[in-house]
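Participant:
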Amino acid sequence: MPQDPKLRKQVKNIRLPLIGTFTNRSSSGLKDQRFVNIYPETQKVAAIDSTRIYLNKRPGLSLYKNFSTGEGRGIIEFNGSIYCVIGNKLWKDGSPPTSLITMTTSTGPYGIIVGDSATTGYYLFVCDGIDGWVISTSDVVTTISNTALRSISITNGGTGYTPGTYALGFSGGGGAEQQEHTPVTGSSVASITISNYGSGYSSAPAVSFPSGGGSAAAATAYLNEFPTPHIPTPTIIDGYVLLAKGSDVYNSVLDEPDHWDASNYLTATMFPDTIKALARQNNQVMVLGENSVEFFYDAANVTGSPLSRNDSTVIQQGVAFPYAIYQNERTCSFVGQSESGGRTVWQVEGFQPKRVSDESIDRNIDKEIQPLL
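Under our numbering, think of the first position of the sequence shown as 134, with each following residue one higher.
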């Protein structure tokens with residue numbers, strides 16, 4: 134016989150989600166849902182006004198090669214090969230791997246970046262907060278030394294010199310092994326070529342011109358002045374390598390990443406916070422402090438730093454984790470902080486910062502108790 138509709142059990146269809154919410158997880162791995170080797174991806178289906186969720190498997194990993202023991206500090210591709218820093222050594226991939234640099238530090242952050250010089254071509258610039266090195270495409274390693282010559286400037290070309298090429302004379306300074314020659318095409322000295330910058334100098338030596346038959350020629354030698362200690366987050370713009378130290382940003386000699394002049398620097402002074410990192414955003418250099426970000430552009434200044442500040446673009450958010458900055462062709466992302474407190478992930482496109490983290494991510498970042506390097 135027919136059943137009374139009122140007595141019929143009402144059944145409701147409920148669609149259970151394939152995955153749960155993945156933004157409410159705490160810092161503990163024992164709570165809530167987490168994904169292992171998969172990641173969620175959403176696809177909007179406009180026809181049915183719905184969103185579909187897919188779980189995509191990540192590629193697996195397998196051991197490639199054991200380079201060495203020690204702290205893995207970073208890796209980069211250069212000139213078709215893998216270069217990695219493990220412990221106090223920089224290794225180039227090969228059979229077997231080759232150790233190119235032995236650093237004075239074996240743990241902590243370091244900086245490594247690919248550069249391009251108009252005179253020497255592509256190179257790898259490496260620094261660890263104390264020392265610096267330049268690696269050519271043929272794996273020739275140049276140690277940046279402050280006990281070597283940087284340049285010799287002619288202050289008086291003199292007169293009466295016979296055309297030819299002559300060696301210079303040096304006295305004082307305690308160094309050795311420098312090799313320079315002076316080509317004379319007229320009756321005066323017009324240029325000086327340095328083929329070996331020497332080593333072991335405690336002060337700049339005096340320069341003389343003992344050959345050539347002329348008189349009155351004079352020149353001044355200058356020692357290299359690499360900034361040490363420094364923050365190992367180098368960046369490069371228009372042939373200059375840039376490094377930060379305190380509130381200052383130093384630049385190398387144009388197209389000479391191994392030569393530095395202590396007078397070539399700028400000071401980020403719009404806000405009284407120290408610099409924590411450097412980055413690039415298109416054709417601008419980002420100077421990231423504790424509570425602010427300033428932008429600088431290549432103004433081709435003749436003296437001091439070639440950079441000038443873009444005054445209207447300052448951001449009143451600093452960087453909380455200076456070694457966790459992501460840069461690509463269009464954007465720069467970092468974990469920001471300000472004097473008012475709290476941390477947020479920011480993405481800068483152009484000069485406009487945009488918040489890309491939500492409250493749950495901010496809450497977990499704020500729980501981070503590791504020291505801010």
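No residue lacks a Cβ here, since even glycine has one placed at the ideal position from N, Cα and C.
With respect to the alpha helix (DSSP H) encompassing residue 212, which residues constitute its N-terminal and C-terminal limits?
Facilitator: Premise fails: residue 212 is in no alpha helix (DSSP H) and is neither H nor E.
Participant: Is it the case that the Cβ atoms of residue 109 and residue 493 are separated by a distance below 7 Å?
Facilitator: For residue 109 there is no data in the structure shown, the boundaries of the chain being 134 and 506.
Participant: If you pair each beta-carbon of the segment 427 to 434 with each one of the segment 409 to 417, do three or more pairs fall below 8 Å?
Facilitator: These segments touch.
Participant: Would DSSP call residue 300 helix, strand or coil?
Facilitator: In the structure shown, residue 300 sits in a strand (DSSP, three-state: E or B).
Participant: Leaving out five residues before and five after residue 285 in sequence, what residues of the same chain have Cβ atoms less than 8 Å from its Cβ?
Facilitator: Within the same chain, residue 285 has close Cβ partners 301, 313, 325, 327, 340, 352, 353, 354, 355.
Participant: Short of 6 Å in beta carbon distance, which residues of its chain neighbour residue 255, apart from the five on each side in sequence? Order them along the chain.
Facilitator: Closer than 6 Å at the Cβ level, and outside the excluded window around residue 255, lie 249, 270.
Participant: How would you write the range of the beta strand (DSSP E) that residue 441 sits in, first residue to last?
Facilitator: Segment 440 to 442, the beta strand (DSSP E) holding residue 441.
Participant: Looking at the structure shown, is residue 457 part of a helix, part of a strand, or coil, going by DSSP?
Facilitator: Here residue 457 sits in coil by DSSP.
Participant: Could you name the residues of the same chain whose beta carbon sits closer than 6 Å to that of residue 281, not counting the 5 residues immediately before and after it, in chain order?
Facilitator: Only 330, 331, 332, 357 meet the Cβ criterion.
Participant: Residue 388 to residue 446, Cα distance in whole Å?
Facilitator: The straight-line gap from Cα to Cα measures roughly 28 Å.
Participant: Short of 7 Å in beta carbon distance, which residues of its chain neighbour residue 460, apart from the five on each side in sequence? Order them along the chain.
Facilitator: Result list for residue 460: 412, 413, in chain order.
Participant: Per DSSP, residue 431 is paired with what?
Facilitator: 440.
Participant: Quick one: complete beta strand (DSSP E) runs, 3+ long, within the segment 190 to 276?
Facilitator: Fully enclosed beta strand (DSSP E) runs of 3 or longer: 205 to 211, 214 to 219, 222 to 225, 231 to 235, 244 to 250, 254 to 260, 265 to 269, 274 to 276.
Participant: Alpha carbons only, please: which of 471, 448, 500 is nearest the one belonging to residue 484?
Facilitator: Among 471, 448, 500, the Cα nearest to that of residue 484 belongs to 448.
Participant: So what does residue 305 bridge to, in DSSP terms?
Facilitator: Per DSSP, none; premise fails for residue 305.
Participant: Taking DSSP as the reference, what is the three-state secondary structure of residue 495?
Facilitator: If DSSP states are grouped into helix, strand and coil, residue 495 belongs with the helices.
Participant: Less than 7 Å separating the beta-carbons of residue 365 and residue 242?
Facilitator: Cβ atoms of residue 365 and residue 242: closer than 7 Å.
Participant: For residue 498, which residues from the same chain have a beta carbon less than 7 Å from its beta carbon, with the 5 sequence-adjacent residues on both sides left out?
Facilitator: Taken in chain order, the residues that qualify are 468, 476.
Participant: With C-beta atoms as the reference, is residue 295 less than 7 Å away from residue 346?
Facilitator: The answer is yes: Cβ separation under 7 Å.
Participant: Identify which residue in 369, 437, 275, 501 has its Cα closest to the Cα of residue 453.
Facilitator: Ranking the options by Cα distance to residue 453, first place goes to 501.
Participant: Closest to residue 299 by C-alpha separation, out of 398, 438, 323, 194, would be which residue?
Facilitator: Answer by Cα proximity: 323.
Participant: Residues in its own chain within less than 7 Å of residue 238 by CB, not counting five upstream and five downstream?
Facilitator: Excluding sequence neighbours, residue 238 sits near 221, 261, 262, 263.
Participant: Quick one: Cα of residue 380 to Cα of residue 409, how far?
Facilitator: If you take the alpha carbons of residue 380 and residue 409, they lie about 9 Å apart.
Participant: Which runs of the beta strand (DSSP E) spanning at least 3 residues fall entirely within the segment 325 to 390, listed in chain order?
Facilitator: Segments of the beta strand (DSSP E) lying fully in the segment 325 to 390: 326 to 329, 339 to 341, 351 to 356, 364 to 370, 373 to 378, 381 to 386.
Participant: Is it true that the CB of residue 391 sits closer than 7 Å to the CB of residue 515?
Facilitator: The first residue shown for the chain is 134 and the last is 506, placing residue 515 beyond what the model contains.
Participant: For residue 362, which option in 378, 373, 350, 348 has the closest C-alpha, if you only look at C-alpha atoms?
Facilitator: The option with the nearest alpha carbon to residue 362 is 378.
Participant: As a quick exercise: from 303, 360, 318, pick the residue whose alpha carbon is nearest that of residue 292.
Facilitator: For the residues 303, 360, 318, the minimum Cα distance to residue 292 belongs to 318.
Participant: Once DSSP output is grouped into helix, strand and coil, what is the label at residue 179?
Facilitator: Three-state result, residue 179: helix.
Participant: Distance check for residue 474 and residue 505, CA to CA, integer angstroms please.
Facilitator: Low per-residue confidence applies at residue 505: pLDDT is 49, beneath 50, and the placement is therefore not dependable, though the value from the model is reported in the following sentence. Approximately 14 Å, taken between the alpha carbons.
Participant: Which value, in whole angstroms, describes the spacing of the CA atoms of residue 183 and residue 496?
Facilitator: Approximately 30 Å, taken between the alpha carbons.
Participant: Around the Cβ of residue 360, are there at least 16 other Cβ atoms within 10 angstroms (buried) or fewer (exposed)?
Facilitator: Buried, because 16 or more other Cβ atoms sit within 10 Å of the Cβ of residue 360.
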